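The opening position of the sequence shown corresponds to residue 133 in the numbering used here, with each subsequent residue numbered one higher.
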Amino acid sequence: DGRLIAMALPSYSGKYEVLVASVADGREIRLVNEFEAEQLGFSPDSRSLAVGGQYEQSTGGGWIEVWDLGLDDRENVRLTDPGQLAALAVNPGGSVLAVASMDGYVRLITVPDGRQIARIPYGSALTKVAVSADGNLIAFAGEDMATHLWSLKDSREVMKLGHQGDVLAVAFSSNGEYLASVSDDGMLQATPVAGGTNVPQVMMSDDGCSLAAFSPDGSRLVCVTEEYDARVLEVPAGKSPKELPLSEVD
């Protein structure tokens, strides 16, 4: 919801920390780990943070913890079918993890018991994963220069967004209308998903977009270019998107 920022910090004295900070007042929470955190993922309501990485003695598996930030509690979740961790995402409410692994599967794991409830095949190493606000759609990307959209309800792939380069980021809007996908060819695609048949597609490529994120209410999409400039698109529900001058962005 845009209220918190999480960062994995380097080791000091053999301890690893994750810093969670409030955007509004800068208040910090520092949480210590035994192992280095390599992946972080907030739930859509920002109450839960999934943290994961690899064990120091690599066995091909990883560790995951889910922290309830509202209660300042930590619940340990273990992979039931270990794979080398590539990316994490959490569903609304923090009850299910989507885990993308280098072995070519997206695993859905319940919190806190760590039970695997689904395994989505991809076929090669995965790099990105995201969960829609209603928890039904999973977006993931890997080595085939495309973002795949999977419906849990239908147990099948329902969309594929092709790129000309490796996918750098995937994100859902909170209103459920758009899936954004960015690749290292500089292309940003923001495409309507379920229920958004009248929503126009967004494509940007002239400045080389390398990262994208939606505002908490889903009405704006921020693109960071390769020159570290920001561009802001207004994407109101059911209407054509338009770029906003930064002077008009509050």
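From the three backbone atoms N, C-alpha and C, an ideal C-beta is built for every residue, glycine too.
Remember, predicted model here, so these are calculated numbers, not experimental data.
Mind pulling the beta strand (DSSP E) runs of 3 or more residues that sit fully within the segment 221–305?
228–233, 237–242, 248–253, 258–263, 269–274, 278–283, 288–294, 299–304
Who are the near neighbours of residue 301 in its chain, counting only those whose CB is closer than 7 Å to its CB and skipping five residues on each side?
260, 314, 343, 344
My output table needs one value for residue 162: the three-state DSSP class, helix, strand or coil.
strand
For residue 169, does the three-state DSSP call read helix, strand or coil?
coil
Specify, as a first and last residue, the run of the beta strand (DSSP E) that residue 181 falls within.
Following the DSSP letters along the chain, one finds residue 181 inside the beta strand (DSSP E) bounded by residues 180–186.
May I ask which residues mark the beginning and end of the beta strand (DSSP E) holding residue 324?
320–324
Smallest Cα separation from residue 264: which of 303, 278, 241?
303
What residues in its chain sit with their C-beta under 7 Å from that of residue 285, if we drop five residues either side in the sequence?
268
Under the three-state DSSP convention, the category residue 376 falls into:
strand
Any idea which residues DSSP pairs residue 136 with across the strands?
154
Proximity of residue 240 and residue 228 at Cβ, strictly below 8 Å:
yes
Near residue 291, what residues of its chain come up, given a Cβ to Cβ distance below 6 Å and the 5 sequence neighbours on each side ignored?
Here the set comprises 281.
Quick one, which of 219, 218, 275, 179 has its alpha-carbon nearest residue 201's?
179
So, under 8 Å CB-CB, residue 163 and residue 155 are touching, yes? Tell me the CB distance rounded to an integer number of Å.
Contact flag wrong, Cβ pair sits at about 18 Å.
By alpha-carbon positions, which one of 245, 297, 308 ends up nearest to residue 416?
The shown model of the chain, from 133 to 382, leaves out residue 416, and the question about it has no answer.
Would a C-beta distance cut-off of 8 Å place residue 270 and residue 230 closer than the cut-off?
The Cβ atoms of residue 270 and residue 230 lie closer than 8 Å to each other.
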